[in-house]
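FYI, in my numbering the residues of the sequence shown are 64 to 175. In this text, a Cβ means the ideal position worked out from N, Cα and C, and glycines have one as well. Given the structure is predicted, the values throughout are model-derived calculations rather than measurements.
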Amino acid sequence: MYLISMYAEENPIEDAVDRAIDECIGEGILKDFLEKNRAEARAMSIYEYDQEAHIRMEREDAFEDGREAERANTEKERQRADEAEKRADEAETRAKKAEEELAYWKAMAKKE
């Protein structure tokens, strides 16, 4: 499969498989088997290579889906944090106004 992957970077898969089979035969690797069963070896190699590529693409898609979901969750959490900070700021403003009002009424009470 290594040769097929390497050759498939530059050629269509069918050509890459043929080239890998020719190279193996030329180097005596499974020569008798490949000469007798070339068509079956070719078909199986193309199928397996396509299956590996398909599985790799599915994994990449699933990984990207996971990344997108994580981005969406991160954005939701950021929005929640922003809303909580805004509510805290509003509560602080209301508390300051209440303190000012209390101080005013205490001052008014002392005048009486």
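Excluding sequence positions up to five away, which residues of its chain have a Cβ less than 8 angstroms from the Cβ of residue i?
{"i": "residue 108", "result": "64, 67, 80, 83 and 84"}
For residue i, which of the options has the nearest alpha-carbon?
{"i": "residue 106", "options": "118, 92, 78 and 122", "result": "78"}
Considering only residues of the same chain and omitting the five flanking positions on each side of residue i, which have a CB-CB separation below 7 angstroms?
{"i": "residue 87", "result": "93 and 97"}
{"i": "residue 152", "result": "none"}
{"i": "residue 150", "result": "none"}
So, helix, strand or coil for residue i, using DSSP?
{"i": "residue 129", "result": "helix"}
{"i": "residue 66", "result": "helix"}
{"i": "residue 175", "result": "coil"}
{"i": "residue 136", "result": "helix"}
Report all residues from its chain with a CB closer than 6 angstroms to the CB of residue i; omit the five preceding and five following residues, and keep chain order.
{"i": "residue 113", "result": "none"}
Any contact of the region 70-77 with the region 109-124, i.e. 3+ C-beta pairs under 8 angstroms? The region 70-77 is in contact with the region 109-124.
Runs of alpha helix (DSSP H) wholly within the region 71-100 (minimum 4 residues, chain order): Positions of the alpha helix (DSSP H) runs, each at least 4 residues long and wholly inside the region 71-100, are given as 76-89 and 94-99 in order along the chain.
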